[in-house]
Amino acid sequence: MSETLKVTLEKPDGAVAILRTDGYINNTGGEEIARQAYTLLGEGTVRLLLDLERTKIVNSIGISILIEVLEKVLDQGGRLAFCHLTPTIEKTFQIMGLAQYARIFPSPEPALAWLRGEVE
Amino acid sequence: MPTAEPREIHLTIPVAPEMEIAATAQVAALGEWMELGRDKIDEVKMAVVEACINAFEHSGTLDHKVELKFRVATEGEAGDAGGARTFLEVDVLDNGHGFDPARVSAPQIGEKLRAPHKRGWGLRIIRSLMDDVRIVSGERGTMIVMRKYR
Numbered sequence: 001m002s003e004t005l006k007v008t009l010e011k012p013d014g015a016v017a018i019l020r021t022d023g024y025i026n027n028t029g030g031e032e033i034a035r036q037a038y039t040l041l042g043e044g045t046v047r048l049l050l051d052l053e054r055t056k057i058v059n060s061i062g063i064s065i066l067i068e069v070l071e072k073v074l075d076q077g078g079r080l081a082f083c084h085l086t087p088t089i090e091k092t093f094q095i096m097g098l099a100q101y102a103r104i105f106p107s108p109e110p111a112l113a114w115l116r117g118e119v120e
Numbered sequence: 001m002p003t004a005e006p007r008e009i010h011l012t013i014p015v016a017p018e019m020e021i022a023a024t025a026q027v028a029a030l031g032e033w034m035e036l037g038r039d040k041i042d043e044v045k046m047a048v049v050e051a052c053i054n055a056f057e058h059s060g061t062l063d064h065k066v067e068l069k070f071r072v073a074t075e076g077e078a079g080d081a082g083g084a085r086t087f088l089e090v091d092v093l094d095n096g097h098g099f100d101p102a103r104v105s106a107p108q109i110g111e112k113l114r115a116p117h118k119r120g121w122g123l124r125i126i127r128s129l130m131d132d133v134r135i136v137s138g139e140r141g142t143m144i145v146m147r148k149y150r
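Going down the list, the sequences are from chains A and B. The first sequence begins at 1 in our numbering and counts up by one. The second sequence begins at 1 in our numbering and counts up by one.
Spelled out as structure tokens, the structure:
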């Protein structure tokens, strides 16, 4: 049984980056997201979208690593958004209070508009 | 759901990476059979994942195993005030050293963002996603009983 997470990066422009996940966000999955996110932050890309369309399950260890990512994004004056969450993952993020510091969108387009500062 | 008879599955998983996913397969099977609904099935799966990884990481289980029981049953009668209520109940049992749930502090996102330790969300997630949660814990181990109504 392997639920190894795959993360693919898309940079539609120099201001924002999209990380698309495919699989289970557990400790190893969370670490892979963090690795790629920290590389982007190091390059100066501080507005990130995590698209979880192909992730159907997460655990609290993986989400705790996403909280670390969120902390570093906010420290650098950036923004973090999520889109394509399953209802249960969105509910879990709400339970944990992540939505107080990051924004959740149904699809990438409004998320990218918010990340670029085109809408508030 | 073809009959009103209780249906039960027992599963023992080793303490090993991603074994909690094996447990979620039983939730899907029973949840679909009892017509629980996709979102509720996913909520039970998430709660089971959290209960399993809590046991894996914190119980100190002596035999490096976690036992699970999945049960579909109905409480009450159709003529009762609340009617008959069908539920999926999952017990997650370890034989570790136990813990006092009252001493587990409620995590807050604002504090976690600035804290070196960002974990400790499992029980909060379980209690929020399930309709009823009971925890029985002592020096012989811990049993978390989680129920979701259809």
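Note that beta-carbon positions come from the ideal geometry of N, C-alpha and C, so glycine has one too. This structure is a prediction, so every number in the text was calculated from the model and none was measured.
- Alanine 55(B) and aspartate 100(B) do not touch by the CB rule: their CB atoms are close to 16 Å apart, not below 8 Å.
- In terms of beta-carbon proximity, aspartate 39(B) lines the interface with chain A, with at least one pair separated by less than 8 Å.
- Under DSSP, aspartate 132(B) shares a beta bridge with Arg147(B).
- Listed in chain order, the alpha helix (DSSP H) runs fully inside the stretch 23-95 of chain B are 38-58, counting runs of at least 4 residues.
- Using a 10 angstroms sphere on the CB of glutamate 50(B), the tally of other CB atoms reaches 16 or more, which defines it as buried.
- The beta-carbon of glycine 97(A) is placed less than 8 Å from the nearest beta-carbon of chain B.
- At least one CB of chain B lies nearer than 8 Å to the CB of glutamate 71(A).
- A straight line joining the alpha-carbon of isoleucine 25(A) with that of valine 72(B) spans about 29 Å.
- Scanning its chain for C-beta atoms nearer than 6 Å, with the 5 sequence neighbours on each side dropped, one finds around histidine 84(A) the residues Asp51, Leu52, Glu53, in chain order.
- For the stretch 14-91 of chain A, the full-length beta strand (DSSP E) segments reaching 3 residues or more read 16-22, 47-54, 79-83 along the chain.
- Shortest Cα-Cα distance from valine 90(B) to any of Val48(B), Glu43(B), Leu36(B), Glu20(B) involves Val48(B).
- Using a Cβ distance threshold of 8 Å, leucine 62(B) and isoleucine 13(B) do not count as a contacting pair.
- In the three-state scheme derived from DSSP, where H, G and I count as helix and E and B as strand, lysine 11(A) is classed as coil.
- Against chain A, the CB of valine 27(B) has no partner CB under 8 Å away; the residue lies outside that interface.
- Residues of the stretch 45-65 of chain A with a C-beta less than 9 Å from any C-beta of chain B: Lys56, Ile57, Val58, Asn59, Ser60, Ile61, Ile63, Ser64, Ile65, listed in chain order.
- One alpha carbon belongs to alanine 84(B), the other to threonine 74(B), and they sit about 6 Å apart.
- Each residue's CA atom was taken as its position, placing methionine 96(A) and alanine 106(B) some 10 Å apart.
- Per DSSP, reduced to three states, the secondary structure at glycine 110(B) is helical.
- Between the C-alpha atoms of glycine 30(A) and glycine 79(B) there is a straight-line separation of about 49 Å.
- The C-alpha of proline 12(A) is placed about 45 Å away from the C-alpha of leucine 88(B).
- Taking the Cβ atoms as the reference, lysine 45(B) lies roughly 7 Å from alanine 28(B), within the contact range of under 8 Å.
- Between alanine 111(A) and valine 119(A) the beta-carbon gap is near 10 Å, outside 8 Å, which marks them as no contact.
- Beta-bridge annotation (DSSP): proline 14(B) is paired with Lys65(B).
- In the three-state reduction of the DSSP assignment, glycine 97(A) falls in the coil class, being assigned neither a helical nor a strand state.
- Per DSSP, the unbroken beta strand (DSSP E) holding arginine 103(A) starts and ends at 103-105.
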